[in-house]
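Numbering (the working numbering), first residue to last: 76 to 307.
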């Protein structure tokens, strides 16, 4: 119990920025879902079982229109293909973790990845339980926000125009936080530069996968500079 308590105490402060973003973003998702006739129960189930923010926003359109299951699978793969690269990046950090590893894989969102890939557990804190609580807390924030949005959206009328932009806004806030906290900003520059380059080459509809591949290649080639922390 002490092991888990120490891990929870170490993980919670790191997830506070995600909490503020997920509560707002999850509420927006719940409101959008309620606006289409699906209440808080649907928000709860999708947030527990799907737990993929961008794909959950896309799923609202899938639920309200006729779709083929194979089309839904292909759409999910396209929207969340970046997680293939997230998984590759986590091979080292998740190595040796057994009991909670399946949940860590399931719960690896963009924001959780941002914390896990840049943060080591404090001395004396179990690595597996530390990553577990980071992941669990992030999902609980999302579930709470989406259920709240489902309840509020079902009771009060809302103009939902522009609410889906909350996802983009959260990514920008997390990027800004990482930029301020990290002394070595080469990873951020690689991410932005690779994305902009592929956006120019492949267009808005087809740049995500090439951008991820480009970023992965650059990170692999520049491992030594990335591992070296610059002096302030």
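Ideal placement from N, C-alpha and C gives every residue a C-beta, glycine not left out.
Per-residue DSSP class, three states only, for residue i
i: residue 172; result: coil
i: residue 305; result: Because residue 305 sits at a pLDDT of 46, beneath the cut-off of 50, its placement in the model cannot be relied upon, and the point is left open.
i: residue 198; result: coil
i: residue 156; result: coil
i: residue 165; result: coil
i: residue 210; result: helix
i: residue 231; result: coil
i: residue 182; result: coil
Option nearest residue i by Cα separation, candidates the options
i: residue 151; options: 161, 265, 208 and 134; result: 134
i: residue 107; options: 175, 137 and 201; result: 137
i: residue 222; options: 176, 79 and 99; result: 99
i: residue 210; options: 148, 251, 184 and 193; result: 184
i: residue 102; options: 132, 164 and 279; result: 132
i: residue 158; options: 146, 128 and 139; result: 128
i: residue 110; options: 123, 166 and 224; result: 224
i: residue 297; options: 260, 220, 148 and 176; result: 260
i: residue 193; options: 226, 255, 220 and 175; result: 255
i: residue 154; options: 146, 197, 130 and 218; result: 130
i: residue 289; options: 271, 280 and 299; result: 271
i: residue 267; options: 247, 145, 280 and 180; result: 247
i: residue 231; options: 112, 88, 80 and 95; result: 112
i: residue 117; options: 280, 80 and 220; result: 220
i: residue 244; options: 80, 95, 226 and 140; result: 95
i: residue 84; options: 120, 197, 275 and 176; result: 197
Residue span of the alpha helix (DSSP H) that contains residue i, given as start and end
i: residue 270; result: 261-277
i: residue 122; result: 115-124
i: residue 293; result: 283-296
i: residue 92; result: 77-110
i: residue 185; result: 185-191
i: residue 136; result: 128-139
Any non-hydrogen atom of the ligand ZN within 7 Å of residue i CB
i: residue 299; result: As for the ligand ZN, it is missing from this structure, which has no ligand bound.
Proximity below 8 Å, CB of residue i to CB of residue j
i: residue 190; j: residue 90; result: yes
i: residue 104; j: residue 213; result: no
i: residue 114; j: residue 229; result: yes
i: residue 86; j: residue 208; result: yes
i: residue 291; j: residue 205; result: no
i: residue 93; j: residue 178; result: no
i: residue 273; j: residue 263; result: no
i: residue 167; j: residue 180; result: no
i: residue 123; j: residue 218; result: yes
Anticipated Cβ contact below 8 Å, residue i with residue j, distance rounded
i: residue 265; j: residue 294; result: 6 Å
i: residue 203; j: residue 172; result: 4 Å
i: residue 201; j: residue 82; result: 6 Å
i: residue 250; j: residue 182; result: That pair is no contact at about 21 Å.
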